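Working notes, beginning with the structure itself.
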Amino acid sequence: MFLNNLSHEIKLLFRSQWLLVLFISTTLLFTFAAFNGNKNVEKRLNDISKVTEGLQVQDSAMLSTLTKIEKGEAVDGPSWRLPSDPMTIGYRHPRLAIMDPNEFSFIATGQSDMYTHFKSPTVYGNNFALDYSEMINPVQLLFGNFDLSFVIIYILPLLIISFTFNILSKEKELGTLRLLSAQPLSMINWLLQKTGIRFLIFNLISIVSLFFVIAIFSPNSLGDGFSMFGLVALLSAYNLFWFVLSCIINIKVNNSAKNALTLIGLWLLIVLILPASINQIGNSLYPVPSRLKMINEIRLIKKENEESQNKIMDEYLRNHPELAQQSDKDNFGFWHNYFASEKVMEEKTKPILVEYEGQLKKQQDLISLFKYLSPAILVQQSLNNFAGTSEKHYNDYKKQVFEFSDKWRSYLAPMLFKNQKFTIKNYNEMPMFNYENRIKNNIWLSSVILVFTSAFVFFLFNSKRLKNKSAQEFID
Amino acid sequence: MRNIIFKELKELSRDGRFKSAVVISCILLLLALITGVNQYKKSNQQLTESVSKERTIWETQGAKNPHSAAHYGTYAFKPKFALSLLDYGVTKYTGNSIFLEAHNRNEASFSEATDQTSLARFGTLSINFVLIYLFPLIIILIGYNSYTKELENKTLTMLKSQGVSSVKLILGKWFATIIPIFILTIFTFLVIGVVLSNVHDLAFFSWSSLMTLLASYLVYYLIISTITVLVSLFSKSSGTSLVCTLLIWILFSFITPKVATNFANEAHPYPSKSEFNAAVVEDKKNGLDGHNPWNEAAQKLELETLEEYGVEKISELPFNYSGYRMQKGEEHEAQIYKKHYDILNEIAIKQNKVYESLSFLSPFISLRFLSMDVSNTSDKLHWKFTNAAEKYRLQKQEFLNYDIKDNSKYGERGYNMTEEKFKQLPKFNFTPPTNSEIIKENTQNILFLCLWLFLPFVGLLIFSKNK
Numbered sequence: 351m352f353l354n355n356l357s358h359e360i361k362l363l364f365r366s367q368w369l370l371v372l373f374i375s376t377t378l379l380f381t382f383a384a385f386n387g388n389k390n391v392e393k394r395l396n397d398i399s400k401v402t403e404g405l406q407v408q409d410s411a412m413l414s415t416l417t418k419i420e421k422g423e424a425v426d427g428p429s430w431r432l433p434s435d436p437m438t439i440g441y442r443h444p445r446l447a448i449m450d451p452n453e454f455s456f457i458a459t460g461q462s463d464m465y466t467h468f469k470s471p472t473v474y475g476n477n478f479a480l481d482y483s484e485m486i487n488p489v490q491l492l493f494g495n496f497d498l499s500f501v502i503i504y505i506l507p508l509l510i511i512s513f514t515f516n517i518l519s520k521e522k523e524l525g526t527l528r529l530l531s532a533q534p535l536s537m538i539n540w541l542l543q544k545t546g547i548r549f550l551i552f553n554l555i556s557i558v559s560l561f562f563v564i565a566i567f568s569p570n571s572l573g574d575g576f577s578m579f580g581l582v583a584l585l586s587a588y589n590l591f592w593f594v595l596s597c598i599i600n601i602k603v604n605n606s607a608k609n610a611l612t613l614i615g616l617w618l619l620i621v622l623i624l625p626a627s628i629n630q631i632g633n634s635l636y637p638v639p640s641r642l643k644m645i646n647e648i649r650l651i652k653k654e655n656e657e658s659q660n661k662i663m664d665e666y667l668r669n670h671p672e673l674a675q676q677s678d679k680d681n682f683g684f685w686h687n688y689f690a691s692e693k694v695m696e697e698k699t700k701p702i703l704v705e706y707e708g709q710l711k712k713q714q715d716l717i718s719l720f721k722y723l724s725p726a727i728l729v730q731q732s733l734n735n736f737a738g739t740s741e742k743h744y745n746d747y748k749k750q751v752f753e754f755s756d757k758w759r760s761y762l763a764p765m766l767f768k769n770q771k772f773t774i775k776n777y778n779e780m781p782m783f784n785y786e787n788r789i790k791n792n793i794w795l796s797s798v799i800l801v802f803t804s805a806f807v808f809f810l811f812n813s814k815r816l817k818n819k820s821a822q823e824f825i826d
Numbered sequence: 056m057r058n059i060i061f062k063e064l065k066e067l068s069r070d071g072r073f074k075s076a077v078v079i080s081c082i083l084l085l086l087a088l089i090t091g092v093n094q095y096k097k098s099n100q101q102l103t104e105s106v107s108k109e110r111t112i113w114e115t116q117g118a119k120n121p122h123s124a125a126h127y128g129t130y131a132f133k134p135k136f137a138l139s140l141l142d143y144g145v146t147k148y149t150g151n152s153i154f155l156e157a158h159n160r161n162e163a164s165f166s167e168a169t170d171q172t173s174l175a176r177f178g179t180l181s182i183n184f185v186l187i188y189l190f191p192l193i194i195i196l197i198g199y200n201s202y203t204k205e206l207e208n209k210t211l212t213m214l215k216s217q218g219v220s221s222v223k224l225i226l227g228k229w230f231a232t233i234i235p236i237f238i239l240t241i242f243t244f245l246v247i248g249v250v251l252s253n254v255h256d257l258a259f260f261s262w263s264s265l266m267t268l269l270a271s272y273l274v275y276y277l278i279i280s281t282i283t284v285l286v287s288l289f290s291k292s293s294g295t296s297l298v299c300t301l302l303i304w305i306l307f308s309f310i311t312p313k314v315a316t317n318f319a320n321e322a323h324p325y326p327s328k329s330e331f332n333a334a335v336v337e338d339k340k341n342g343l344d345g346h347n348p349w350n351e352a353a354q355k356l357e358l359e360t361l362e363e364y365g366v367e368k369i370s371e372l373p374f375n376y377s378g379y380r381m382q383k384g385e386e387h388e389a390q391i392y393k394k395h396y397d398i399l400n401e402i403a404i405k406q407n408k409v410y411e412s413l414s415f416l417s418p419f420i421s422l423r424f425l426s427m428d429v430s431n432t433s434d435k436l437h438w439k440f441t442n443a444a445e446k447y448r449l450q451k452q453e454f455l456n457y458d459i460k461d462n463s464k465y466g467e468r469g470y471n472m473t474e475e476k477f478k479q480l481p482k483f484n485f486t487p488p489t490n491s492e493i494i495k496e497n498t499q500n501i502l503f504l505c506l507w508l509f510l511p512f513v514g515l516l517i518f519s520k521n522k
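Written as structure tokens, this is what we have:
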């Protein structure tokens, strides 16, 4: 029966040109979305290459001065600005901490349009309180991007709905259901097979489109079998969820217009209303800790500690360390005092920031628990995770930059205190930043959850029907 | 025609789907209103507290050198506007406080969105969310089969045999589609108006702005109703009509705005923050530096000042030149910042133009921009706020630098301004544009909305005649 059903279904679909329409529209949508996502990645890479080039130009000038110094040749410029002074390196030649996109970043823009992908932490200053937001027109953030993630989450379900909303009801409305039920076959099996066949076809089309765009925009990643399978699994699981919903509605409602309306209502609920409501209610119940309050607290601490800082170092010089450096005589003393005075402030303000970050993380963890309430949220978060553009990635990047700035300071500060000169050898061996993706990709887990959810929903609504092989209920 | 309208409305009142859609929308509206008012009250309270705390910190910093006070700086906070409760606009994506210090123009920091998870990118349940996304769907639900059902039920021939004119029939259907949504919308706005009038400490609330918003949404609903009935007129079956109108809704509300983002970004990209800062530093390096007297421009200023006062040495000037030079340096740096922020603003305007020009594909964009502007939650308002904050920063710098200029001696070390004097710095005040100014700024959006209403309506009249 299955083979009969399959050949019949394929014949029908071919003749109605549905397959062609579906294939063309999916491919076009995927290609356009991937093209847009790729443009965003290109801009990111372009920005990164601009700052890298800037640093290279600066570094080569610095290296040639260092070579001259090491050879004992005369160099231009005041001595306090020479790169042989480790603090000149720390202050004027900060290293770049770059967060490169991964192979799949074009799939989901995620949070990448909001944050910067490079930072240059200097040897002093509040490196733990750096601002990581990127310059962007807020209207762009409001409307969002037309990327693959959008197509998968919002548009694919609509295509599925239009592809499946009348599988059963059409037969009923055309009067062919009575003929079918006269055949020696179970109606429920017939319907499940028909839906299953459509699912396989639809899934195949979306997977082919996905491979097609990945082959165009990120051919290297095709070799990463594990990730590719993960992505295919997530896409298939999400497709499956919508097919299951459609199948249930086909059985329960069984009227083309009503089916379509109910399914659209479910689509609205799952991709639009639930996420927006969860976001609003979640933030009302567990509000993000107030930044304004944090600012006030830090300001108060700064005010209270000014005196102790002033004892260590004159306020004016604290505000303008680059001017204090101009005298060679007190260089050592200046920096020693500078670090000491900054340390006073850092020690006082850090607990507030750490507490704030802690509260924020707790709030974010709580909110992210809600992702299980809507498959759309789950898929969005998984795709962002997969593309390396989730908030977790950016939080971790911040952490990595802070760890690096600490490492870098620990490398340069002892040189200052031991009165050592910075040399080319130091340049080659000083710590460099290497972004590492430390966030676990939960794409398989999400796929499994989606499959289980689909199965649960299916059996919840269809358990009775599965036992009852009668065709009468479908016809009525 | 009156009979047609009554018949349609009676049918509608018996339609379960319509009733449940209205009930769901009302529940969501209520939820949005309650959570919105709560959040508004809470953040307004936080804001008031922060403003007063920050001012106290400023006023009680003790006797201090004015330039040190300038570095210590202060904050400018963006007020919460009454209608932001209705439409959150871009507020979530822009910071609400700007640190005002010497030498640097800072951007508004800590936007809500950077502290939230990516869930926030799905949108937030606000009153505007229901009005702009869900109410059009109710219209579609009412009107998608307005004409096709007569075809499907074979009642069209009956109607025609009774001599009902096609135009009257279609106009009746059109009225029947808009009347329920008009009643619902007007009721919603009345409730919002009453609630807002009773919220304590409401800043900048005006009924005229609320009425402008109401009018804009009603025009949008007229557009959607006209298109829905028009599509129904052309469709062979209710199913096709429903699919087509839903497609149009998705195209209007999701696809076009998102595609516009990509177009705008591609055509007019923003510089990265580091690129922007590098350009400012470059200009600062070559410009006048308040701290460096050997700089060319500063030297020129020195010569000019000496000449103006007819003296030979700075110490002979009737005021402390350091304070004067510092202020001139600050003004020069402010000009550099202005130049670069103007370039940035220009890019933002061009990007917004890309959105607005795509309004011919979607009236949603025009309404979205208009609604944000009237609610004072648009990026335009944010630019106005940042410019006002910068103006205030310069005023603050002048207050401090001129204190050095007028009250200390050249080369005097350890000069301090009294604590009492810090209190004399005027407070930061920001007033948003008036409703009529906003309407004037939005002529293009209003024009697009009117065109979107006019053309399909004419189409409806013409085609209904031929039916």
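Chains as they are written, first to last, in the working numbering: chain X, 351 to 826; chain G, 56 to 522.
Ideal Cβ positions, reconstructed from N, Cα and C, are used throughout, including at glycine.
All of these numbers come straight from a predicted model, not from anything done at the bench.
Rounded straight-line distance, which links the Cα of residue j to that of residue i
i, j, result
"Val298(G)", "Gln533(X)", "33 Å"
"Thr612(X)", "Ser596(X)", "9 Å"
"Ile457(X)", "Thr129(G)", "42 Å"
"Gln461(X)", "His467(X)", "11 Å"
"Glu359(X)", "Val371(X)", "16 Å"
"Gln452(G)", "Lys383(G)", "10 Å"
"Arg442(X)", "Gln408(X)", "10 Å"
"Thr311(G)", "Ile501(G)", "18 Å"
"Ile404(G)", "Glu321(G)", "14 Å"
"Ala444(G)", "Asn589(X)", "50 Å"
"Ile702(X)", "Leu480(X)", "14 Å"
"Ala583(X)", "Phe809(X)", "21 Å"
"Phe18(G)", "Lys96(G)", "Outside the displayed range of chain G (56 to 522) lies residue 18(G), so it cannot be described from this structure."
"Ile620(X)", "Ala118(G)", "60 Å"
"Ser677(X)", "Pro471(X)", "The predicted model places Ser677(X) with a pLDDT of 49, which falls under 50 and marks its position as unreliable, so this point remains unresolved."
Cβ-Cβ separation, residue j to residue i (assumed contact under 8 Å), whole Å
i, j, result
"Ser499(X)", "Thr376(X)", "With a Cβ gap of about 15 Å, Ser499(X) and Thr376(X) do not count as contacting."
"Gly738(X)", "Ser531(X)", "Gly738(X) to Ser531(X), Cβ: 52 Å. No contact."
"Leu83(G)", "Leu180(G)", "6 Å"
"Ser105(G)", "Asn646(X)", "6 Å"
"Val366(G)", "Leu372(G)", "6 Å"
"Ser804(X)", "Phe552(X)", "About 14 Å separates the two Cβ atoms, so there is no contact after all."
"Arg160(G)", "Tyr470(G)", "Contact doesn't hold; Cβ gap of about 26 Å is too wide."
Sheet register partners of residue i (DSSP bridge)
i, result
"Leu155(G)", "Thr129(G) and Arg160(G)"
"Ser483(X)", "Tyr465(X)"
"Lys383(G)", "According to DSSP, which records beta bridges pairwise, Lys383(G) is partnered with nothing at all."
"Ile448(X)", "Phe468(X)"
"Met472(G)", "Lys119(G)"
For residue i, the nearest candidate out of the options (CA to CA)
i, options, result
"Thr773(X)", "Phe380(X), Lys418(X), Leu370(X) and Lys361(X)", "Lys418(X)"
"Arg788(X)", "Ile555(X), Lys749(X), Ser813(X) and Ala565(X)", "Lys749(X)"
"Leu491(X)", "Thr149(G), Ile233(G) and Leu224(G)", "Thr149(G)"
"Leu211(G)", "Ala168(G), Leu449(G) and Lys291(G)", "Lys291(G)"
Cβ neighbours of residue i in the same chain (closer than 7 Å, five flanking residues each side left out)
i, result
"Val250(G)", "Leu88 and Val92"
"Met412(X)", "Pro433 and His443"
"Asn655(X)", "Val694, Met695 and Lys698"
"Leu508(X)", "Trp617"
Own chain, CB closer than 6 Å to residue i, minus 5 neighbours either side, in chain order
i, result
"Ser740(X)", "Gly460 and Asn734"
"Tyr744(X)", "Gln461 and Tyr465"
"Ala610(X)", "Phe515"
"Gln731(X)", "Lys721"
Beta-carbon contacts of residue i that lie in its chain and below 8 Å, excluding the five residues immediately before and after
i, result
"Leu800(X)", "Leu584, Ala587, Tyr588, Leu590, Phe591, Pro725, Leu728 and Val729"
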